[in-house]
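Engineer:
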Amino acid sequence: MKTIKKSTNYCFLCLLLLGMVALMSCSKDDNIQPEETFDINNPEGYFIYAKHFNPDGSYRNIYVYEFMPGKRLNERNANGDRIETYIILDDNTINVGNGAFYLSFNGDLVTSNIGGIEDGTLIKAPESNQMAGKTFTGTYYKADESVLHHNFFYSFAAGGNTVDAGLNVGTTLRTENYTPIGNFAARAELENGDVEFMVFVNGKLEVTYKTKGGGAGWYHGTFEKQ
Numbered sequence: 001m002k003t004i005k006k007s008t009n010y011c012f013l014c015l016l017l018l019g020m021v022a023l024m025s026c027s028k029d030d031n032i033q034p035e036e037t038f039d040i041n042n043p044e045g046y047f048i049y050a051k052h053f054n055p056d057g058s059y060r061n062i063y064v065y066e067f068m069p070g071k072r073l074n075e076r077n078a079n080g081d082r083i084e085t086y087i088i089l090d091d092n093t094i095n096v097g098n099g100a101f102y103l104s105f106n107g108d109l110v111t112s113n114i115g116g117i118e119d120g121t122l123i124k125a126p127e128s129n130q131m132a133g134k135t136f137t138g139t140y141y142k143a144d145e146s147v148l149h150h151n152f153f154y155s156f157a158a159g160g161n162t163v164d165a166g167l168n169v170g171t172t173l174r175t176e177n178y179t180p181i182g183n184f185a186a187r188a189e190l191e192n193g194d195v196e197f198m199v200f201v202n203g204k205l206e207v208t209y210k211t212k213g214g215g216a217g218w219y220h221g222t223f224e225k226q
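Residue numbering for the sequence shown follows the numbering used here, beginning at 1 and increasing consecutively.
1. So, with DSSP's three-state summary, where would you put K71?
2. Tell me the residue span of the beta strand (DSSP E) that contains M250.
3. In whole angstroms, what is the alpha-carbon distance linking V199 and G97?
4. When the distance is taken between beta carbons, is D164 closer than 7 Å to T171?
5. Could you work out which residue in R72, I94, D108 and V64 is closest to T37 when comparing CA atoms only?
6. Count the other CB atoms within 10 Å of the CB of S146; is the residue buried (16 or more) or exposed (fewer)?
7. For the candidate residues T85, F101, K134 and R72, whose alpha-carbon lies nearest to that of G116?
8. Return the residue from the list K51, H149, N41 and Y46 that minimises the CA-CA distance to F197.
9. Could you work out which residue in K212, N42, L205 and S104 is closest to F156 when comparing CA atoms only?
10. Of the residues A185, F223, I62 and Y46, which one's Cα is nearest the Cα of E118?
11. Helix, strand or coil for K212 per DSSP?
12. Between I94 and I87, what straight-line distance do the alpha-carbon atoms span, to the nearest angstrom?
13. How should I181 be labelled, buried or exposed, when 16 other C-beta atoms within 10 angstroms of its C-beta is the threshold for buried?
14. Determine the burial state of N129: buried for a count of at least 16 other Cβ atoms within 10 Å of its Cβ, exposed for fewer.
15. Is it buried or exposed, H220, if we count other Cβ atoms within 10 angstroms and call 16 or more buried?
16. Where does L190 sit, in a helix, a strand or coil, going by DSSP?
17. In three-state terms, what does DSSP make of P55?
And the structure:
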């Protein structure tokens with residue numbers, strides 16, 4: 001009888017502990033905030049990333065569009081910044097630049113009605129610099145897709161807005177200051193007038209390099225995180 005009584009008390013204690021754990025779990029769940037979703041009527045804090053290219057391969061550029069107050073988009077790329085206005089057509093579509101083009105949203109996917117735009121991605125601005133302390137390596141291409149540099153790297157400082165660049169990791173050829181954009185993109189203006197526009201998206205660093213004056217001097221690459 002003593003053995004049965006001890007077993008009964010032990011079972012009761014286990015059930016009591018399980019109940020307390022369940023209550024604590026429910027309490028924690030009550031504090032979980034729902035994941036924020038994109039509201040086309042209140043889009044500030046969101047960006048759009050996209051690639052643009054001409055069908056003849058003469059030029060490839062990457063863009064970041066920042067949603068600004070007053071139904072405006074700040075279009076950013078290696079050429080600089082340009083403000084475009086837009087109107088909302090429905091819950092998923094905006095008309096940019098008085099009908100210049102349309103952008104449609106489906107989750108994180110962004111599509112357009114004009115050709116030459118690919119990889120459209122909706123990005124919520126992160127709270128910290130996503131490139132800081134990271135090194136990326138890859139191949140640089142000319143506009144016609146021929147290789148400029150088989151090996152190239154970018155290494156971002158953990159603190160401050162500087163990035164090392166070169167052909168082989170560990171051998172820095174130059175160090176540039178950059179202006180961060182939304183904590184996932186950056187623009188570096190070199191002393192010789194060239195411009196690098198860099199975007200960390202989908203775990204990779206997408207880069208466009210524009211030589212001073214443009215012309216045929218447009219280069220691009222996709223760089224993997226090391």
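For every residue, glycine included, the Cβ atom is placed at its ideal position computed from N, Cα and C.
Structural biologist: So, to answer that:
1. coil
2. This structure gives no information on residue 250, because the portion of the chain shown stretches from 1 to 226.
3. 24 Å
4. no
5. D108
6. exposed
7. F101
8. K51
9. L205
10. I62
11. coil
12. 6 Å
13. buried
14. buried
15. buried
16. coil
17. coil
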